[in-house]
Amino acid sequence: MCGIFGYVGVREEAPQRVLAGLKKLEYRGYDSWGIAARQNSSVPARLLVEKHVGKIGEASTSLPPGHAALGHTRWATHGGVTDANAHPHLDCQGRLAVIHNGIIENHAELRRELLARGHTFNSQTDTEVICHLLEDELRREDFDLAVAAGGQAGASREAIAAVTLAAGGTLSEAVRGGAATQWVASNQSPADGSRSLFAGEAIPSGIPAGGQVGSNPSPADGSRRLLAGEAIPSGVPSGESASNCERLVHALMRVFRGLDGLSAIGVLDPQLECIAAAKNGSPLVLGWGNDGNFLASDSSALLEHTRRLTFLEDGQAALIDAEQVTVYDVKSGERVSDARVWDITWQEEVDGLEGFPHYMAKEIHEQPVVLRRLAAERADDAQRLADAIGQASTVHLVGCGSAAHAARCGEYLFSRIACRQANCVVGSEFGYLADFLDSRSLVLGLSQSGETIDLLESMKSAGRRGARLAALVNVEGSSLYRLVDQPILLSAGPERCVLATKSFTAKLAVLLMAAYAAHGRLDEARALVERAADEIQSFLGDGRVDQLRALGARIAGQEHLYVIGRGPSYPMALEAALKIKEVSYLHAEGFAGGELKHGVIALIEDGTPCVVLAPNDETFHAILSGAEEIKARGGYIIGISPFASDVWDEHIRVADVGEAASILNAVPPQILAYELALQRGLDPDKPRNLAKSVTVK
Numbered sequence: 007m008c009g010i011f012g013y014v015g016v017r018e019e020a021p022q023r024v025l026a027g028l029k030k031l032e033y034r035g036y037d038s039w040g041i042a043a044r045q046n047s048s049v050p051a052r053l054l055v056e057k058h059v060g061k062i063g064e065a066s067t068s069l070p071p072g073h074a075a076l077g078h079t080r081w082a083t084h085g086g087v088t089d090a091n092a093h094p095h096l097d098c099q100g101r102l103a104v105i106h107n108g109i110i111e112n113h114a115e116l117r118r119e120l121l122a123r124g125h126t127f128n129s130q131t132d133t134e135v136i137c138h139l140l141e142d143e144l145r146r147e148d149f150d151l152a153v154a155a156g157g158q159a160g161a162s163r164e165a166i167a168a169v170t171l172a173a174g175g176t177l178s179e180a181v182r183g184g185a186a187t188q189w190v191a192s193n194q195s196p197a198d199g200s201r202s203l204f205a206g207e208a209i210p211s212g213i214p215a216g217g218q219v220g221s222n223p224s225p226a227d228g229s230r231r232l233l234a235g236e237a238i239p240s241g242v243p244s245g246e247s248a249s250n251c252e253r254l255v256h257a258l259m260r261v262f263r264g265l266d267g268l269s270a271i272g273v274l275d276p277q278l279e280c281i282a283a284a285k286n287g288s289p290l291v292l293g294w295g296n297d298g299n300f301l302a303s304d305s306s307a308l309l310e311h312t313r314r315l316t317f318l319e320d321g322q323a324a325l326i327d328a329e330q331v332t333v334y335d336v337k338s339g340e341r342v343s344d345a346r347v348w349d350i351t352w353q354e355e356v357d358g359l360e361g362f363p364h365y366m367a368k369e370i371h372e373q374p375v376v377l378r379r380l381a382a383e384r385a386d387d388a389q390r391l392a393d394a395i396g397q398a399s400t401v402h403l404v405g406c407g408s409a410a411h412a413a414r415c416g417e418y419l420f421s422r423i424a425c426r427q428a429n430c431v432v433g434s435e436f437g438y439l440a441d442f443l444d445s446r447s448l449v450l451g452l453s454q455s456g457e458t459i460d461l462l463e464s465m466k467s468a469g470r471r472g473a474r475l476a477a478l479v480n481v482e483g484s485s486l487y488r489l490v491d492q493p494i495l496l497s498a499g500p501e502r503c504v505l506a507t508k509s510f511t512a513k514l515a516v517l518l519m520a521a522y523a524a525h526g527r528l529d530e531a532r533a534l535v536e537r538a539a540d541e542i543q544s545f546l547g548d549g550r551v552d553q554l555r556a557l558g559a560r561i562a563g564q565e566h567l568y569v570i571g572r573g574p575s576y577p578m579a580l581e582a583a584l585k586i587k588e589v590s591y592l593h594a595e596g597f598a599g600g601e602l603k604h605g606v607i608a609l610i611e612d613g614t615p616c617v618v619l620a621p622n623d624e625t626f627h628a629i630l631s632g633a634e635e636i637k638a639r640g641g642y643i644i645g646i647s648p649f650a651s652d653v654w655d656e657h658i659r660v661a662d663v664g665e666a667a668s669i670l671n672a673v674p675p676q677i678l679a680y681e682l683a684l685q686r687g688l689d690p691d692k693p694r695n696l697a698k699s700v701t702v703k
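Be aware that the sequence shown starts at 7, since it is given in the numbering used here, and climbs by one per residue.
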């Protein structure tokens, strides 16, 4: 769920580029942020790190110019929100900077092993184990290379295994020169009683090294520490003739194989001026630029720099330097020769607020443009989806959060319009209900980011059972987009606000067009979507927003709010309540209107605000009766309806747009949620504890 951005190139403003990229990714996590950068002016190159708790939106960086940098915005999982727990994290030597998205499930066991080997931890995070595991891997590799070099000179392995760092020399040079004190790079003590020496551990007495392996300062006698990933001196054969950067990525792959869970990892080595990365589950995108290359957790942060992107697949690693990007298979360690480079055509909306006070307000107001674009450009996609639905024996709509509410609304639309059953299941639960799927099944996944891990795992489970897969997704090239047989782009443009607004109504519009297309009435659906767009634009511009602002001020002090609806308005009630509680923290619940007298009505007290969704359909009179029952118990009734009624204490008038009512009726609760957040002194773009793309379980 965290934001990742990295750059290696010829431009010296790498820290500033990374900071700007992280700001675009702040919706993925904003508990804290940090950047590690290469200091160009120092020899050898130094690693400088800046970390801060809090949001990055207005931040600047004090890091000096450099050609390479790697940054992270955090959504906390392990450890509290502190400077120490913010990423990047460093190894004991301060040589490598590591950032990470995901969860390392076996981190506790790995931490115990590393502590026993002498490593020092500075955070509570699971991420920090990666730094120290990498440190050990690179040190062992240095040792093995030194052993190979000494072996060619005829020395025994025991004599070669030394840690004497002669003045100005490396381990390799010391071994090649014949220094004979033992140093064994394994966890087991050899038969002669000598034992392993690990990063950061004091060199045993009697070894004339003048310092500690892993200490940062050079000792007074002129000897220096062995640097993880340091170049082997000329004359020492490397075995595979791998570059130092390749040594880094191979070490990362070895570490990655020992990690349990879903993770995306980036590692910056400032001395080598490269970034190594690996992923399983959590997204990573590589950007091929003209003046350098990039790493990010979301393609939207890269589009201003390049539209040539490679999306890492699960079980892949990458090496990024100023000149090239190389992809590897983690399991085999071999290069991937056929990694695809996408030329992204996804239309990026104008960056910035454009006069709006928040991205949520901006994105609410963008909905008419998005809907008209869908009606004009996605009709053929809707028809192909309708054809696939017609050929399937069973149809399943799957999503999480707001996407699940759109899916449930689609369930009603396909039943009412196309007379076709489509089952809706929450993404995190679908995998437990997938045993009956087969090659005749169609599973339609709905997602804004295309990276929601619960949905992806359910879709993969369905694919393993032979089901055909389709998706409504807002990000071209995302994991969901690449996974399915039939992706349909929502074309909503980037959503910076954590809450889904324009991507939600975009999903409803495509589902509506597909339902009508399945009944041979696609042109009718396009006209309905365009009409809904016109009515939303009118709603946003004729004073009804002011009415909702006043309503927000009236009810902002309440503890509870309830929303009811029937038919397609039931999932819209769920969505309205979700919007209100996730952005304003006012407790809100959505209910099916018919469930009131089965227990829910016990919650009503004098003055409790209740939103009633009452479109002009067969549910109108029944939902009005439910509103009367609430009012009789003291509820304050807010009607969202084309029709006036004596039962409304507050009437939010909306037009009658037929089967497109769900699209139009989504907007007033969005605005009410926004206004409630402002009344309660909250940031509507960044609600607490939430992130846009949920990439951890």
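Ideal Cβ positions, reconstructed from N, Cα and C, are used throughout, including at glycine.
According to DSSP, which residues form a beta bridge with residue i?
i: D275; result: C280
i: F300; result: Y13 and G293
i: F597; result: I570
i: T79; result: G9 and W39
i: C616; result: Y568 and I643
i: Q45; result: R52
i: H93; result: Per DSSP, none; premise fails for H93.
i: K61; result: Per DSSP, none; premise fails for K61.
i: H402; result: N429 and V449
i: A382; result: Partner(s): none; A382 has no beta bridge.
i: K285; result: A270 and Q322
i: E19; result: G72
Please state the DSSP three-state secondary structure of residue i.
i: E501; result: coil
i: Y13; result: strand
i: E536; result: helix
i: L177; result: No answer about L177 holds up, because its pLDDT of 40 lies below 50 and its placement is not dependable.
i: R694; result: coil
i: Y680; result: helix
i: N250; result: helix
i: Q99; result: coil
i: L53; result: strand
i: G27; result: helix
i: I494; result: strand
i: S485; result: helix
i: P71; result: coil
i: R471; result: coil
i: S211; result: In this predicted model, S211 has a pLDDT of only 34, less than 50, meaning its place in the structure is not dependable; the value taken from the coordinates is given anyway. DSSP places S211 in coil when its eight states are reduced to three.
i: L478; result: strand
i: E728; result: The chain is shown only over 7 to 703; residue 728 falls outside these bounds and no answer can be derived.
i: S66; result: coil
With residue i and residue j assumed to form a contact (beta carbons below 8 Å), what rounded beta-carbon distance in angstroms separates them?
i: I669; j: A515; result: 6 Å
i: I636; j: I607; result: 7 Å
i: L505; j: K585; result: 6 Å
i: I459; j: L268; result: 6 Å
i: H566; j: L609; result: 7 Å
i: E595; j: Y568; result: 6 Å
i: F649; j: N622; result: 7 Å
i: I350; j: L309; result: 7 Å
i: T625; j: S590; result: Contact flag wrong, Cβ pair sits at about 27 Å.
i: P500; j: S288; result: No, P500 and S288 are not in contact; Cβ-Cβ is about 19 Å, not under 8 Å.
i: L290; j: S303; result: 6 Å
Does the distance between the C-beta of residue i and the nearest non-hydrogen atom of the ligand MG fall short of 7 Å?
i: C430; result: With respect to the ligand MG, the structure shown offers nothing to examine, as it has no ligands at all.
Taking contact to mean at least 3 C-beta pairs separated by less than 8 Å, is the region 79–88 in contact with the region 122–132?
-> Yes: at least three Cβ pairs fall under 8 Å.
Hey, which unbroken runs of the beta strand (DSSP E) at 3 residues or more fall wholly within the region 302–372?
-> 314–317, 322–326 and 331–335
Between the region 467–480 and the region 653–666, do three or more beta carbon pairs fall short of 8 Å?
-> no
Take every Cβ of the region 435–454, pair it with every Cβ of the region 408–418, and state whether three or more of those distances are shorter than 8 Å.
-> Three or more beta-carbon pairs drawn from the region 435–454 and the region 408–418 are found closer than 8 Å, and the two stretches are therefore classed as touching.
Can you list, in chain order, the stretches of the beta strand (DSSP E) that have 3 or more residues and sit fully within the region 102–146?
-> 103–108
For the region 48–68 against the region 112–119, are there 3 or more C-beta pairs whose distance is under 8 Å?
-> no
Between the region 420–430 and the region 394–404, do at least 3 Cβ pairs fall closer than 8 Å?
-> yes
Three or more C-beta pairs closer than 8 Å, one from the region 90–110 and one from the region 266–281: is that the case here?
-> Yes: at least three Cβ pairs fall under 8 Å.
Three or more beta-carbon pairs under 8 Å between the region 478–485 and the region 313–320, yes or no?
-> yes
Considering only residues of the region 628–686, which uninterrupted alpha helix (DSSP H) runs meet the minimum length of 4 residues and lie entirely inside it, listed in chain order?
-> Counting whole runs of 4 or more residues, the region 628–686 contains the alpha helix (DSSP H) stretches 667–671 and 673–685.
What are the complete beta strand (DSSP E) segments, minimum 3 residues, inside the region 412–453?
-> 429–432 and 447–453
Any chance the region 404–412 sits against the region 362–378, with 3 or more Cβ pairs inside 8 Å?
-> no
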